[in-house]
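Data first, discussion second: the structure below is written as structure tokens.
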Amino acid sequence: MKTLQKLGRRPIVLTAPAFVLLIAVLGIPMVQLLLTSLNAPAFSLSNYQGFFEQTSNVRVLFQTVKISVVTTAICLIIGYPTAYLIVSASKHVRIALIVLVLIPWLTSGLVRTYAWVVILGDHGLINNLLLNLGLISSPVPLIYNRLAVYIGMVHIMLPMMILPLLSVMQGIDTSLLAAARSMGAGPFLAFWRVFLPLSLPGIRSGSLLVFVVCLGFYVTPQALGGLGDAMLSTFIASQVASSFNLAPTAAAAFILLGIALVVLSIFGLDVSGSQGRAARATRKSLPSPLPSFAALTRFLKDLAAPYRAKRWTAQLYSARGDSRLSSIVGAVFVTLVMAYLLFPGLIVVMMSFSGGPALEFPPSSLSLKWYRAFLGDPSWTGAFWNSIQIAVTVAILSTILGTLAAYGFNRTSRRVRSVLTMAILAPITFPAIVVGIATYFGLLKLGLLGTRSGLVLAHSTGAITSVVVIVLATLANFDQRLERAAQSMRAAPIQVFMRVTLPLILPGIIGGAVFAFIGSFDEVIITSLVSGFDMQTLPLKMLENIRQEIDPTIAAVGSLLTLMPLLWLMILYATWWWSKSRLQQLSAKPPA
Amino acid sequence: MARDEAPKEKHVPVQIEFCGVTKMYGAVAAVRDVSLTVSRGEFLTILGPSGSGKTTALMLLAGFVAPSSGDILIDGKSVAAVPSYRRDQGIVFQSYALFPHLSVRRNLEFPLEMRGVAAADRAGRVTRFLDRVHLTDFGDRLPWQLSGGQQQRVALARALIADPPVFLLDEPLGALDRHLREQMQDEIRSLHKEFGKTTICVTHDQEEALTLSDRIIVMRSGRIEQIGTPEGLYDRPATAFVANFLGEANIFEDPAFKIEADATQPSGTLAMIRPERIRLAVATGPGRADTDQRQSVIGTVTKMIYAGPLRKYHVSIGKSVLIVRQHVASGQEIFDRGDEVRLDWLRSDVRFVSA
Ligand SMILES: Nc1ncnc2c1ncn2[C@@H]1O[C@H](COP(=O)(O)OP(=O)(O)O)[C@@H](O)[C@H]1O
Ligand SMILES: [Mg+2]
Chain P
1 MKTLQKLGRR PIVLTAPAFV LLIAVLGIPM VQLLLTSLNA PAFSLSNYQG
51 FFEQTSNVRV LFQTVKISVV TTAICLIIGY PTAYLIVSAS KHVRIALIVL
101 VLIPWLTSGL VRTYAWVVIL GDHGLINNLL LNLGLISSPV PLIYNRLAVY
151 IGMVHIMLPM MILPLLSVMQ GIDTSLLAAA RSMGAGPFLA FWRVFLPLSL
201 PGIRSGSLLV FVVCLGFYVT PQALGGLGDA MLSTFIASQV ASSFNLAPTA
251 AAAFILLGIA LVVLSIFGLD VSGSQGRAAR ATRKSLPSPL PSFAALTRFL
301 KDLAAPYRAK RWTAQLYSAR GDSRLSSIVG AVFVTLVMAY LLFPGLIVVM
351 MSFSGGPALE FPPSSLSLKW YRAFLGDPSW TGAFWNSIQI AVTVAILSTI
401 LGTLAAYGFN RTSRRVRSVL TMAILAPITF PAIVVGIATY FGLLKLGLLG
451 TRSGLVLAHS TGAITSVVVI VLATLANFDQ RLERAAQSMR AAPIQVFMRV
501 TLPLILPGII GGAVFAFIGS FDEVIITSLV SGFDMQTLPL KMLENIRQEI
551 DPTIAAVGSL LTLMPLLWLM ILYATWWWSK SRLQQLSAKP PA
Chain C
1 MARDEAPKEK HVPVQIEFCG VTKMYGAVAA VRDVSLTVSR GEFLTILGPS
51 GSGKTTALML LAGFVAPSSG DILIDGKSVA AVPSYRRDQG IVFQSYALFP
101 HLSVRRNLEF PLEMRGVAAA DRAGRVTRFL DRVHLTDFGD RLPWQLSGGQ
151 QQRVALARAL IADPPVFLLD EPLGALDRHL REQMQDEIRS LHKEFGKTTI
201 CVTHDQEEAL TLSDRIIVMR SGRIEQIGTP EGLYDRPATA FVANFLGEAN
251 IFEDPAFKIE ADATQPSGTL AMIRPERIRL AVATGPGRAD TDQRQSVIGT
301 VTKMIYAGPL RKYHVSIGKS VLIVRQHVAS GQEIFDRGDE VRLDWLRSDV
351 RFVSA
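Line by line, the protein sequences are chains P and C.
Just so you know, this note's numbering puts 131 at position 131 of the first sequence, and the rest follows in order with no gaps.
Just so you know, this note's numbering puts 288 at position 288 of the second sequence, and the rest follows in order with no gaps.
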């Protein structure tokens, strides 16, 4: 009790457990890897020189950056108008559209990649359709080329672009547009001079997020691209297990990290100082690389709000009547984007019920045979249970550590907080492959490679970060005067936390736990590096099968995983709704 | 119901006209069958409780909301086909709507730019307006670096800088504290004097309405309850709602209480008297000289509220409770709970309002 009270007075201590884990699994190995790549203690740049001397490496590096840039640009070009149309839609349409964006965001990227294999493959949906129609006589090569990579990558990344944009755009005070109009700015000028500059923070964070994730995410390009479309991350991943000398691989990873950090510091830090605060639209003080969480919270609020007082300006009635043409074009555009986001998942779900001997679309007969195959195959069910057990453990561990850390952050001075936040955000700011190789190295040193505890630790780094981000955001909205009030009523710090703070931030904690679970359950990049030969998880087993493209059971698994986000959304909504109605009940009671 | 009193100055051209304007949101009418005229240079206030449709009325005029039926005329011409950005109105929004990404100076330049004013002319004009609202040194700040009152002044300057013929304000002082509010009221009044713009101001604050306006429109549930000058509305409210919304009112609802008045009471109305029109005296004291013009009753003080320069009493007479305000002048008796008092008032001060 005494020690707890002391802890309450030195909140920074609460961040220690999370940091210990992060430093042991990620921090120290990172430093060691850097030293290795520099040939410490001799210190030379030979590994880096070696990297750049090999033209194939340089080509792959260039290609990696190019694919990431192009993907980011396409996502922005599609995502910005989509987000704009979503925020300007009427409430019910807006809510429906946001759900449709959230579902793919919460669905495993692996399943969605698999869906594209199924659609674009030589014996896939499109080729079969064209063959059956007699339009072609032999399959056209749709897959294993650059176009397929872009189709798949954009599909995976688009929600990550749209959600931050939505979050920022929904925060833009629409009366500003009305003000611009009252001063004589026509619709286009009002958009150009007011809306666009205010939405820049969303453009920035969405683009950064997509770019950095692209840099480290190799599953999709590997599954959909040809040999010539390899990314640097593919190269690194294949080197980790096969070569004994880690130094060149480490050098490659740090080059990738270097690119990410340069881009982050140029576009991330520069603008956020002045503009970010000026545009109070994003009221969150947290420079979060995952504003998607903010979008989610905002969405949940929106869902329950009966009527938003300022909504009238959203219509921004223009007396000539909104040109019918432009609204039709908008509707068609959004419909196409939503189809692109959701159709692949839908196809997997439908195909999983097919009764034929192989996968087919549309299914000629319906059956549950692939689900039975899934349940009857111990290698699948074993992987499934492994994943569940690991994810539950990760969720519990990281929710506890992450909540403590977030609480500690929240109570420290602003400066300390911003430094520590940057540190703890590393696992989701760095390219996944870099985190993966560092974790690999760390678990190697700890002797935990290929063990269940190793996987739990590996997944916990990212999961803790998610929990911290979400709980911090919840704490930012928490009125600290309530704690003072409780203290004035003689509640000790621990009682204050248990009786006042915890109940009020519980929704955030549950949300954090859900995201920790999802993150672990779907994780494949780090897992594939550190799982060794014995530990099989569901995503790993799927990854194997995507490459081999033989076992139709994967459709059943994919379909289960596609339907899971609906469950997640319901849990998140139920949590949020429950806490809100509880608060309303509390405030409805007359003051005693 | 809505008695439109003639504008004070004759022969002033009517500038703005609402003809039976209705705005429906689903089945709810935010504004219902509103007709009114505003003369050039007039200061008109729309007053009403929250949700009575004031903002909607203003936004209909500004062109952000289209009327469901009825028409709005400006300078005699319908503006149904004129989009908001061609209506040439200076608007101060409820939360100021200063562009957070532009400096104060750039905020002020914005309406000039939109009207195609050359850069050289803009700079001089902005400087002049910054001086005018006492923000000479604040031009390079961003809006969030200003206090509430300063932001308010930027919003006022920005609305006026392009010299629009019509000036609209939506609850301009709602977010300010009392002291600042009084300062800003002076500012708005002097800006109105100086620029002589036709001004329409929306507020739920009756004091603001009474002190600023040439005329007041009282709105209730989307309808116009009454239109009149401040004195007209305060002294001769048409309905109990107006009587209660503008200041305090004693309304006699107990039929057992016989009120005497100069005029005869129209059927379906209630008698009303303002609290400050009632005199209080010691119950046993001598009657007043002018008793023939006064009604006098005995009551018991049930509550005394101290309010600085004045005291407010609740006096019960039979089933009714009357509110009485008395300025504390020297020599004035002060009563306390339980005291028997004599109340009297001029019969000519009694008004009849419809329920
Ligand atoms: N965009 C809208 N959608 C639905 N109802 C609205 C909308 N705007 C206003 N209302 C309704 O119209 C009524 C009047 O609103 P408003 O003009 O904002 O009132 P005031 O400004 O007097 O507080 C309110 O009942 C409000 O709920
Ligand atoms: Mg209003």
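For each residue, glycine too, the CB sits at the ideal point set by N, CA and C.
Everything numeric in this text was worked out from a predicted model, so none of it was measured.
Residues near residue i by beta carbon distance below 6 Å, same chain, minus five either side
i	result
P/Met160	Leu209 and Val210
P/Val87	Met169 and Gln170
C/Gln265	Phe352
P/Ser367	Gly355
P/Asp122	Pro139
P/Ala391	Phe517, Ser520 and Phe521
Residue i beta carbon near ligand 2 (any heavy atom closer than 7 Å)
i	result
P/Thr393	no
C/Thr55	yes
C/Glu171	yes
C/Gln206	no
C/Gln94	yes
Neighbouring residues, chain P, relative to residue i (Cβ below 8 Å)
i	result
C/Gln183	Neighbours of C/Gln183 on chain P: none; closest Cβ ~23 Å, over 8 Å.
C/Gln89	Ser182
Closer than 7 Å: residue i CB and nearest ligand 1 heavy atom
i	result
P/Ala115	no
C/Tyr25	yes
P/Gly152	no
C/Ser50	yes
C/Val28	yes
Simplified DSSP assignment, three categories, for residue i
i	result
P/Tyr218	coil
C/Ile389	For chain C, the structure presents residues 1 to 355; residue 389 of chain C sits outside this window and is missing.
P/Leu26	helix
C/His179	helix
P/Glu360	coil
C/Phe93	strand
P/Gly186	coil
C/Val350	coil
P/Ser199	helix
P/Gly152	helix
C/Gly53	coil
C/Phe99	coil
C/Asn107	helix
Residue environment, residue i, which counts as buried when at least 16 other CB atoms sit within 10 Å
i	result
P/Trp380	buried
P/Tyr218	buried
C/Ile334	exposed
P/Pro291	In this predicted model, P/Pro291 has a pLDDT of only 48, less than 50, meaning its place in the structure is not dependable; the value taken from the coordinates is given anyway. So P/Pro291 ends up on the buried side.
P/Ser274	Note that P/Ser274 scores 36 on pLDDT, short of 50, meaning its location in the model is unreliable; the coordinates nonetheless yield the value given after this. By the 10 Å Cβ count, P/Ser274 comes out exposed.
P/Asn386	buried
Chain-ordered chain P contacts of residue i [CB-CB under 7 Å]
i	result
C/Ala329	Within 7 Å Cβ-Cβ: nothing; C/Ala329 doesn't reach chain P, min ~40 Å.
C/Arg115	Gly184
Spatial neighbours of residue i in its chain, beta-carbon cut-off 8 Å, leaving aside the 5 residues before and after
i	result
P/Gly134	none
P/Phe430	Val212, Gly216, Leu257 and Ala260
Residue i: contacting residues in chain C (beta-carbon distance under 7 Å)
i	result
P/Val194	Phe99
P/Leu325	Here the premise fails: no neighbours, minimum Cβ distance about 17 Å.
P/Leu449	Simply none; closest approach about 50 Å.
Same chain, Cβ closer than 7 Å to residue i, neighbours up to 5 away in sequence not counted
i	result
P/Lys445	Pro29
P/Gly152	Thr113, Trp116, Thr220 and Leu224
P/Asn39	Ser46, Asn47 and Ala247
P/Leu420	Thr15 and Phe409
Interface residues of chain C facing residue i [CB-CB closer than 8 Å]
i	result
P/Asp479	Near P/Asp479 there are no residues of chain C at all, since even the closest Cβ is about 20 Å away, more than 8 Å.
P/Ser175	Phe93, Gln94, Ser95 and Ala97
P/Pro164	Correct list: empty, because the minimum Cβ distance to chain C is about 18 Å.
P/Pro378	Ordered by position in chain C, no residue passes the 8 Å Cβ test against P/Pro378, which lies about 58 Å from the chain.
Any chain B beta carbon closer than 8 Å to residue i
i	result
P/Ala185	No chain B appears in the structure shown, which is made up of the protein chains P and C.
Within chain C, partners of residue i - CB distance below 9 Å
i	result
P/Leu198	Phe99, Pro100 and His101
Closer than 9 Å at the beta carbon, the chain P residues around residue i
i	result
C/Pro49	Ordered by position in chain P, no residue passes the 9 Å Cβ test against C/Pro49, which lies about 15 Å from the chain.
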